[in-house]
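What follows is a set of notes on a single structure, which appears directly below.
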Amino acid sequence: EGLTHSEETAEIKDILSRCGALKANELNQPRDELRITVTEIKKDVHTQLEQTRKTNKNVDGIAKELRKLHRAGINNATNSVTVVAVLFATVAF
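First residue of the sequence shown? That's 9 in the working numbering, and the numbers climb one at a time after it.
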């Protein structure tokens with residue numbers, strides 16, 4: 009029709025817009041949002057797993073310390089009973 013390149017481009021853009029065509033950046037937006045959301049979820053899961061690992065390590069340390077204290081308490085009780093028995097034996101003989 010004798011239209012220049014810029015006029016043809018403008019006309020095509022107008023027709024596409026009237027027909028409901030989307031721009032390329034509008035098409036990619038949901039995909040980009042999904043990618044960002046997935047990345048955030050992956051980071052959150054990684055953070056939670058790391059926190060769980062640290063918590064389990066702390067719990068294991070506390071349990072180990074409790075077992076150690078329990079053994080020490082049993083040893084103290086045994087020693088106390090032994091001392092009392094020796095005192096009774098000393099008094100009895």
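Every residue gets a Cβ at the ideal spot worked out from N, C-alpha and C, and that includes glycine.
Please read all numbers here as calculations on a predicted model, not as lab measurements.
Helix, strand or coil for residue i per DSSP?
i	result
Leu74	helix
Phe101	coil
Leu30	coil
Can you list, in chain order, the residues of its chain with a C-beta nearer than 8 Å to that of residue i? Leave out the 5 residues immediately preceding and following it.
i	result
Lys50	none
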